[in-house]
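My numbering runs 199 ahead of the 1-based position in the sequence shown.
Take a look at the structure set out below.
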Amino acid sequence: NNFYKQETLTRMLPIIAKLENQTKLKVKKVGVTFARTRWGSCASSGSINFSYRLAQTDPFVQHYLAVHEMAHLVHQNHSADFWAQVSKWMPNYKEAELWLKQHRLQLKV
């Protein structure tokens, strides 16, 4: 649905901009896909994509997903170092993961 795609982009761009300022990292491109099985992805080129379903999540969950994908700019895996980076930027990230786990099936579209 194009409404959700645009809404996701509208919500995620300011979050990414704020994180770029805080982390001194630069995202080359932010996109939105119709992915239903993953919330986001980060390419080694520095492009980040988010699922259109993010438009239906709470702002702190959107922030977590931006942090998660930007951490992949530093660590292209889910190693202990990656999770330490996520925790450094968002110490309460596990609350957002729990929200996603509890609500993912309730999200429409």
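Where is the CB? At the ideal position from N, CA and C, for every residue including glycine.
Under 8 Å between C-beta atoms of residue i and residue j
i           : j           : result
residue 253 : residue 229 : no
residue 214 : residue 265 : yes
residue 222 : residue 282 : no
Same chain only: Cβ atoms within 8 Å of residue i, ignoring 5 sequence neighbours per side
i           : result
residue 250 : 207, 231, 232, 233, 234, 235, 237, 238, 239
residue 224 : 218, 269, 272, 273
residue 203 : 251, 252, 254, 255, 308
Same chain only: Cβ atoms within 7 Å of residue i, ignoring 5 sequence neighbours per side
i           : result
residue 273 : 284
residue 243 : 275
Anticipated Cβ contact below 8 Å, residue i with residue j, distance rounded
i           : j           : result
residue 306 : residue 255 : 5 Å
Strand pairing of residue i, partner residues [DSSP]
i           : result
residue 232 : 250
residue 240 : 248
Own chain, CB closer than 6 Å to residue i, minus 5 neighbours either side, in chain order
i           : result
residue 210 : 261
residue 205 : none
residue 247 : 226, 229, 241, 268
Residue i to residue j span [Cα, whole Å]
i           : j           : result
residue 277 : residue 258 : 23 Å
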